[in-house]
């Protein structure tokens, strides 16, 4: 059984409540940080840990914190990105629902490191019921002196608020999130300037994912070097994987970085193998945005080495034969899955969620959805496959934010690895049953 | 289904207005527009589950911003209803893992049971059926959201039981309700 850092107390009854959480080493990192460490020392530990952003981009967290501008007299903000909307991803929901105090503790310790005196948890609107859970925990934290003025009798004060969204995947992109937090449409901003220089209300801001913030707690409690001992290469520590699709045991699993993918899929400790006695066909390993891989390439790299659950190993081979760890939204597909129909499902999602600012994304996602729909209805042409390839190549890298790339990569990878399936659909003219479900 | 409220009837209850004012105070001086989306949720819950232009104008007046600043936000975010909605707004996830694990069957089943198509409302105003994108329940798929609550690991039988329960309760389910225990 791998080491558990985030979920080590998950099984304890009542761990959502302050009293039980406190009894189980809760808020120890706040005590340690505020009483014995300077803010920069906290950032140093996070740098040493090798922690990388757990939302999907995997950017080194300590480095991100180090970029934060600190002009005197200007407010700084820490914003937790709880907008979790990447298809296949549900680990942040799990963390916030079951361990709200872990997130709050991480927010306090991290806000202290960054010199933020007001911090926000931006949570997607559909998780409204979780706002009640978080607000209750925040109330308990205030009542017990972990939030508010002069925490633990130090100079440090912090106010923490839950800010609810209203349904927009694009608000998971950090600058769109900040626009939304400011009460506007979620249109991403051009970077630079980066939020570390000019973010919320134009002030220096760090935006971090829920899981990233919670990881700060064991990093400060045990030290960054201890955290870095777990994992492999530049993939240190543990990661929450949201496993779903055609497996026997869907759910959230905390793994040590470096677990073999084959073990993750087939072991009873994790996914428990493919359901209904079926065979594995394909996996989308890190949320719908990352390239899809056929079974042989998800289990082994193109060089025949076992693929591991880590940033480096999953990316081995680039997009030609590899993928990305991304958000860890691990979607498993069995032999009965239509790759073309799955792609249409994803493409419809991106078209729906495009904010509309950039023509390649706004128009391109719509065109790709229509072409895929045409293919599924039996009206496709052989040239449609090349047309899809052409459109996605004209979106990738040509937009203000990565949603364009996220829409392009599934199309490119599906054609790259499963072209024959597209061509078969054109040749055999197998229309999907016409129904209202197909209509976008 | 038209709103029967006239503009002068649109006013938050005292407790809602108290909450709205507390929301506004969270944000720095001059940045109260940040409270817009949270306030729109309160307004939607209070005024029949949707945002008419009169309601949006009212919210604009509270925040002292232009009406168009409210319209442009309300029209961007998928959770805001700009048309009247049934008492139970059934939102079935249609993305990715829910689709892989049978969401289409549940959607078809709901269409058959309610005798409406996705996007429509039953003639008695009780149910509106929509499909939505990933709700973060991929491990407990297929599922649907009705108001605040998630109903997961759906089967046709569970779905029928839930429809019966909602009919019996006969009350509007909004996002701002206190949550009940999950039923999955």
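Residue numbers (my numbering), protein chains in the order written: chain Z, 69 to 508; chain V, 2 to 185. All C-beta atoms, glycine included, are put in the ideal place defined by N, C-alpha and C.
message: Restricting to Cα atoms, I'd like to know which of 333(Z), 178(Z), 163(Z), 248(Z) is closest to residue 75(V).
response: With distances taken between Cα atoms, residue 75(V) lies closest to 248(Z).
message: Are the CB atoms of residue 94(V) and residue 136(V) within a distance shorter than 7 Å?
response: yes
task: Please check the pair residue 149(V) and residue 196(Z), which I expect to be a contact at CB under 8 Å, by giving their CB distance rounded to whole angstroms.
output: 5 Å
message: What residue range does the alpha helix (DSSP H) around residue 271(Z) cover?
response: Here residue 271(Z) belongs to no alpha helix (DSSP H), and DSSP marks it neither H nor E.
query: Using a Cβ cut-off of 8 Å, which residues of the segment 378-405 of chain Z contact any Cβ in chain V, in chain order?
result: 397, 399, 401, 405
query: Quick one, which of 393(Z), 355(Z), 80(Z), 84(Z) has its alpha-carbon nearest residue 237(Z)'s?
result: 355(Z)
message: Counting only beta-carbon separations shorter than 7 Å, does residue 506(Z) have a partner in chain V?
response: Annotation note: pLDDT 42 at residue 506(Z) (below 50); position unreliable, no value reported.
message: Please give me, in chain order, every unbroken run of the beta strand (DSSP E) with length at least 3 that falls completely inside the segment 124-169 of chain Z.
response: 145-150
- prompt: Are there three or more Cβ pairs, one per stretch, closer than 8 Å when the segment 202-222 of chain Z is compared with the segment 168-180 of chain Z?
  reply: A contact exists between the segment 202-222 of chain Z and the segment 168-180 of chain Z.
message: For residue 484(Z), would you say it is in contact with chain V, using Cβ-to-Cβ distances shorter than 7 Å as the test?
response: no
message: Is there a C-beta anywhere in chain V that falls below 7 Å from the one on residue 501(Z)?
response: Note that residue 501(Z) scores 46 on pLDDT, short of 50, meaning its location in the model is unreliable and no value can be drawn from it.
query: Would you call the segment 400-420 of chain Z and the segment 127-144 of chain Z touching, i.e. three or more CB-CB distances under 8 Å?
result: Look at the beta carbons and you see the segment 400-420 of chain Z not touching the segment 127-144 of chain Z: under three pairs across the two are nearer than 8 Å.
message: Run through chain C and tell me which residues come within less than 7 Å of residue 107(V), C-beta to C-beta.
response: This model lacks chain C altogether; the protein chains it does include are Z and V.
message: Going by DSSP in three states, residue 145(V) sits in which element: helix, strand or coil?
response: strand
- prompt: What is the rounded straight-line gap between the Cα of residue 163(Z) and the Cα of residue 167(V)?
  reply: 30 Å
- prompt: With residue 189(Z) and residue 142(Z) assumed to form a contact (beta carbons below 8 Å), what rounded beta-carbon distance in angstroms separates them?
  reply: In fact, because the Cβ distance is near 22 Å, the residues do not count as touching under 8 Å.
- request: Count the other CB atoms, across all protein chains shown, that sit within 10 Å of the CB of residue 16(V); report buried if there are 16 or more and exposed otherwise.
  value: exposed
Short-range partners of chain V found in the segment 245-267 of chain Z, where Cβ spacing is below 8 Å: 248, 249, 250, 251, 252, 253, 254
- request: Quick one: measure Cβ to Cβ for residue 273(Z) and residue 147(Z), integer angstroms, because I've assumed they're closer than 8 Å.
  value: Yes, they are in contact, since the Cβ atoms of residue 273(Z) and residue 147(Z) sit about 6 Å apart, within 8 Å.
query: Is any beta-carbon of chain V found at less than 7 Å from that of residue 197(Z)?
result: yes
message: For residue 193(Z), would you say it is in contact with chain V, using Cβ-to-Cβ distances shorter than 7 Å as the test?
response: Chain V contact via Cβ: present.
query: Does the separation of the CB atoms of residue 140(V) and residue 414(Z) fall below 7 Å?
result: no
message: Can you check whether the C-beta of residue 140(V) is within less than 7 Å of a C-beta belonging to chain Z?
response: Interface residue, yes.
query: Listed from N- to C-terminal order along the chain, which residues in the segment 464-493 of chain Z have their beta-carbon within a distance smaller than 7 Å of any beta-carbon of chain V?
result: none
- request: If I'm right that residue 457(Z) touches residue 480(Z) with Cβ under 8 Å, what's the distance once you round it to whole angstroms?
  value: 7 Å
field: Opening and closing residue of the alpha helix (DSSP H) in which residue 451(Z) lies
entry: 451-463
- request: Note down, in chain order, each residue of its chain lying with its Cβ closer than 7 Å to the Cβ of residue 66(V), except the 5 sequence neighbours on either side.
  value: 34
- prompt: Who are residue 38(V)'s beta bridge partners in DSSP?
  reply: Residue 38(V) is not bridged to any residue.
query: Leaving out five residues before and five after residue 20(V) in sequence, what residues of the same chain have Cβ atoms less than 7 Å from its Cβ?
result: 43
- request: From the DSSP output, in three-state form, read off residue 71(Z) for me.
  value: coil
- request: With a cut-off of 8 Å on the beta carbons, I'd call residue 304(Z) and residue 118(Z) a contact; round off their distance for me.
  value: 4 Å
- prompt: Apart from the five residues on each side of it in sequence, which residues of its chain come closer than 6 Å, Cβ to Cβ, to residue 316(Z)?
  reply: 340, 341, 343
message: Suppose you measure from the CA of residue 408(Z) to the CA of residue 63(V); what does that come to, to the nearest Å?
response: 49 Å
message: In the DSSP output, what is residue 277(Z) paired with across the bridge?
response: 149(Z)
query: Who are the near neighbours of residue 376(Z) in its chain, counting only those whose CB is closer than 6 Å to its CB and skipping five residues on each side?
result: 326, 328
Beta-carbon neighbours of residue 146(V), restricted to chain Z and to distances below 8 Å: 194
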